[in-house]
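Residue numbers (the working numbering), protein chains in the order written: chain A, 38 to 305; chain B, 983 to 1213.
The C-beta atom is built at its ideal place from N, Cα and C for all residues, glycine as well.
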Amino acid sequence: MLKNKLTIFGALVLLLFVVMAIFAPVIAPYDPSEIIEEEIQGPSLKHWFGTDDLGRDLFSRALYGARISLSVGIVAVTIAILIGTLLGALSGYYGGWVDTIIMRFVDIMLAFPSIFLILTIQVMLTPSIYNVMIVIGLTSWMGVSRLVRGEFLTLRERQYVEAARAIGCSDFRIIFRHILPNAQAPIIVAATLGMAGAILTESALSFLGLGVQPPTPSWGNMLMDAQAYMRDAPWMAIIPGVLILLTVLSLYFVGEGLREALDPRRLN
Amino acid sequence: MLLEVKNLSKSFGKVKAVDRVSFSIDEGDSVGLVGESGSGKTTLSRLLLGLLKPDSGGLRLSANSSRLSKTAQIVFQDPQTSLNPRIKIGEAILEPIRIHKTDAKVDELLQLVGLPADFASRYPHALSGGERQRVGIARALAVRPKFLILDEPVSALDLKTQVQILNLLKDLKEKLKLTYLFIAHDLSVVKYICDRILVMYKGRIIESGSREQIFESPQKEYTSRLLASVL
């Protein structure tokens, strides 16, 4: 029961944030980069979330930051799910040397501490929001591929797969039409959890100055800007921090809820 | 002759699942393949369908197509797992029709196996075991095969449903001039539907003969024991 409530809470929070991100230009009272010469003001009726050190409205910046943070999460996870699902499916379906090569590659990728891998790549590339999305996607698919491989190892032994082979289905058709739809539940769960991870990574990168570049706001670089003013303007750090926390927690709640709702034992 | 098998062998590691098996089946035959579990019946059937590659030996099927899957089809044992839970009945039957571009129709096939046409839009979980097995038969018949392998098609069903499915299979054989290889460990079922019987033990065919020969004067001790265990 409590779990259900948490899932609904998470879903509502996410829905609210997505709506705010989409309608940011309509909702935001100021331009996010506009300097209104009222720097470092605490939250008030005029500036709901206060203003930052340059005198920019933090509520407007948080709205636009949601656009960046959420789209980084969605795009990075889409890339990770596509790569992970494809490699995991091939690995689990064919087994043998295909499996060995793909899984050793996964081991190698996992052997790098991912944050350092991302940092290295980001230093070499020009930091931009697109590079952040791609780099996070390219370094976070390994878990998905292991998960999908495991699902395929079980599902390929099902009799309906043998039946599909007997009526002459191609491997491609068996993988994408017969097995993958039956493996979708854990992939969807992995996607929600992966999105939480991607948003955290984006925040960390932007916090280190290697992610989204100012003046474009993201929750991560808002946190970075807040560093120097922790004592005088704690709201500058608390607001993006709470937003990140709420988003990540909500994604976890929704992920857990989906995990339960999509459990095949419950479906039957 | 529809099917001729010569010295077919297949091993998994050290286990000889199928060991130098030879037999032939004429068109219109209804042949029983009996043996305890682990005797190699299933492996043999997968070899016949081309789902497994033999280590040695070969088989010849007088085919009406270059694709084996258009001539030989299979009905599986467990209707709970032989239908994809996420694919509707109609789509499941349509799939082989599309792949082999036959002129069969989904509603005709459903009618043929005694199911109403509106079952096409249902998912497998909404069907009983017997109904699912009928769908399995319809799917196998969709490519208009000559040869049907029935891999213990009734052993997962209750007694009343078993009789209904066996009668359906008998009717279909007449109507469509099919040839059956009926795999079973239950001799009473085989006695009901087959004219000729092959007895398999540890990967080898140890005895074969007409139904009367096998049931009335079995030559091998194993066959006698197999008969004694059911009768």
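The Cβ of L1094 (chain B) sits no closer than 7 Å to any Cβ of chain A. Residue-level contact by beta carbon holds for N1066 (chain B) and chain A, with a gap shorter than 7 Å. Collapsing the DSSP output to three states places L1091 (chain B) in a helix. Against chain B, the beta carbon of Y197 (chain A) has neighbours under 7 Å at T1063, S1064, L1065, N1066, listed in chain order. Using a 10 angstroms sphere on the CB of E194 (chain A), the tally of other CB atoms stays under 16, which defines it as exposed. Less than 7 Å separates the beta-carbon of I1179 (chain B) from that of I1196 (chain B).
7 Å or more divides the Cβ of V987 (chain B) from the Cβ of V1181 (chain B). With the criterion set as a beta carbon lying under 8 Å from some beta carbon of chain A, the members of the stretch 1074-1099 of chain B are E1077, P1078, I1081, H1082, in sequence order. At a beta-carbon threshold of 8 Å, the residues of chain A lying near I1056 (chain B) are A200, A203, ordered along the chain. A residue is called buried once 16 or more other Cβ atoms fall within 10 Å of its Cβ, and M161 (chain A), having fewer, is exposed. Contact between the stretch 1004-1020 of chain B and the stretch 1159-1177 of chain B is present: three or more C-beta pairs spanning the two stretches fall below 8 Å. Within the same chain, I1075, P1078, I1079, T1084, A1086, L1091 come within 7 Å of A1124 (chain B) by CB-CB distance, once the 5 residues on both sides are set aside.
Put simply, the stretch 1111-1121 of chain B touches the stretch 1055-1070 of chain B. At least three CB pairs are less than 8 Å apart. Across the structure, G121 (chain A) and I45 (chain A) are spaced so that their CA atoms are roughly 28 Å apart. Interface criterion not met: the Cβ of L1015 (chain B) is under 7 Å from no Cβ in chain A. Under the Cβ criterion of 7 Å, S1051 (chain B) is counted among the residues facing chain A. Chain-order list of chain A residues neighbouring L1031 (chain B): A203, by C-beta distance under 7 Å. Per the DSSP secondary-structure output, T1053 (chain B) pairs with nothing in a beta bridge. A buried status is given to Y197 (chain A), since no fewer than 16 other beta-carbon atoms sit within 10 Å of its beta-carbon. By the Cβ-count criterion, V279 (chain A) is exposed, with fewer than 16 other Cβ atoms from all chains shown falling within 10 Å of its own Cβ. Residue nearest to P1106 (chain B) within the set B:G1118, B:T1025, B:H1167 is B:G1118 (criterion: CA-CA distance).
With its beta carbon less than 7 Å from one in chain B, P218 (chain A) belongs to the interface. In the three-state reduction of the DSSP assignment, Y289 (chain A) falls in the helix class.
By the Cβ-count criterion, Q159 (chain A) is buried, with 16 or more other Cβ atoms from all chains shown falling within 10 Å of its own Cβ.
Counted as a single uninterrupted DSSP element, the stretch harbouring I1187 (chain B) is not any alpha helix (DSSP H) but the beta strand (DSSP E) occupying residues 1186-1192. DSSP, reduced to helix, strand and coil, places D1100 (chain B) within a helical segment of the structure shown. Listed along chain A are I204, G205, each with a C-beta nearer than 9 Å to that of V1125 (chain B). Spanning the alpha carbons of G102 (chain A) and P62 (chain A) requires a straight line of approximately 12 Å. Remark: three or more beta-carbon pairs, one from each stretch, lie closer than 8 Å, so the stretch 991-1003 of chain B and the stretch 1028-1040 of chain B are flagged as touching. Measuring C-alpha to C-alpha distances from K1035 (chain B) to each of B:S1044, B:S1021, B:L1050 identifies B:L1050 as the nearest. Excluding residues up to 5 positions away in sequence, G102, S106, S240, P277, L280, I281 lie with their Cβ nearer than 6 Å to the Cβ of W256 (chain A) in the same chain. Counting only runs of 4+ residues, the alpha helix (DSSP H) found wholly inside the stretch 246-295 of chain A occupies 256-263, in chain order. By the CB criterion at 7 Å, F1129 (chain B) and A1210 (chain B) fall outside the cutoff. The Cβ neighbour count for M983 (chain B), taken over all protein chains shown within 10 Å, is under 16; the residue is labelled exposed. Annotation: R1116 (chain B) has no Cβ neighbours in chain A at a cutoff of 7 Å; minimum Cβ distance is about 14 Å. Taking C-beta separations shorter than 7 Å and ignoring five residues to either side along the sequence, the partners of F290 (chain A) in its chain run L43, T44, F46, G47, following chain order.
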